[in-house]
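Heads up: the structure comes next, in structure tokens.
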Amino acid sequence: MVLSPARPRSVLAPDDPAGFLPPPAVERFDALALENASPTESVTTRDGRPLQLRAIRPADAELLQRCFQRLSPLEIRRRFMHAMGVLSPAMLHRLSHVDPARETALALIEGGPRPELHAVARTFVDTAAASAEFSLMVERDWARQGLGGMLMQRLIDDSLTRGLHELWGYVLVENVPMMRLCSQLGFKTRLAPQEPGTVVLSRRL
Numbered sequence: 028m029v030l031s032p033a034r035p036r037s038v039l040a041p042d043d044p045a046g047f048l049p050p051p052a053v054e055r056f057d058a059l060a061l062e063n064a065s066p067t068e069s070v071t072t073r074d075g076r077p078l079q080l081r082a083i084r085p086a087d088a089e090l091l092q093r094c095f096q097r098l099s100p101l102e103i104r105r106r107f108m109h110a111m112g113v114l115s116p117a118m119l120h121r122l123s124h125v126d127p128a129r130e131t132a133l134a135l136i137e138g139g140p141r142p143e144l145h146a147v148a149r150t151f152v153d154t155a156a157a158s159a160e161f162s163l164m165v166e167r168d169w170a171r172q173g174l175g176g177m178l179m180q181r182l183i184d185d186s187l188t189r190g191l192h193e194l195w196g197y198v199l200v201e202n203v204p205m206m207r208l209c210s211q212l213g214f215k216t217r218l219a220p221q222e223p224g225t226v227v228l229s230r231r232l
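Structure (structure tokens):
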């Protein structure tokens, strides 16, 4: 299942030599249309807490920033592969503005008057190699609830839908929980010679 905004349809224009013109910008970038194009699914953790699963949207930048600020140095290093103090505006824009043709970005969000984002799963597609690189982050207070496994399975399903042949990702050797999870999902482990302390987890699709 690919959770991504639907591509806008062109409209017939008799005076257009090519036969088609794109819809007006107000239609192509209407916030409500984008909201409706991103399905939301209700999920429940093992201990009964409700969350919403959906694709990341540009308006999620603030949620991503608040989530990052709650992460421990260990969580940040395991997700970004190095220490980071802040999410720069450029990186925040990059993380919240997703090109559905080349990537998938799923978020688990706690609803309410002040929504909070607690987990993110992404793939970055290499069409030439028919493969995708994955990344996964589940906030520590929401760990051991089956969320990581669910998100990884969604990434696998999404990659199959895209017709890809391999899903892979760099993981720190110290990140034993991630390595164990991927092993249970059929991923193989190999060392990354150019990245000390890092392994590549990969699964043929």
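Counted the way this note's numbering counts, the sequence shown spans residues 28 to 232. Positions of the beta carbon are idealized from the N, C-alpha and C atoms, including for glycine.
| Asked | Found |
| --- | --- |
| Reduced DSSP secondary structure (H/G/I, E/B, other) of L30 | Unreliable positioning characterises L30 in this predicted model, as indicated by a pLDDT of 42, which lies under 50. The coordinate reading is nonetheless provided below. Coil. |
| Enclosing alpha helix (DSSP H) for L208 [first to last residue] | V203 to Q211 |
| Short Cβ contact (7 Å threshold) for Q79 with L114 | no |
| Cβ-Cβ separation, R81 to T67 (assumed contact under 8 Å), whole Å | 4 Å |
| Endpoints, beta strand (DSSP E) assigned at A146 | E143 to D153 |
| Cβ separation of N202 and R105, assumed to be a contact under 8 Å, to the nearest whole Å | 5 Å |
| Top-ranked residue by Cα proximity to T188, from F214, L232 and M205 | L232 |
| G138, DSSP secondary structure in three states | coil |
| Alpha-carbon spacing of L119 relative to T72, whole angstroms | 27 Å |
| Cβ contact (3+ pairs, closer than 8 Å) linking the region 216–229 and the region 175–185 | no |
| Residue from L163, D153 and A86 with nearest C-alpha to A128 | D153 |
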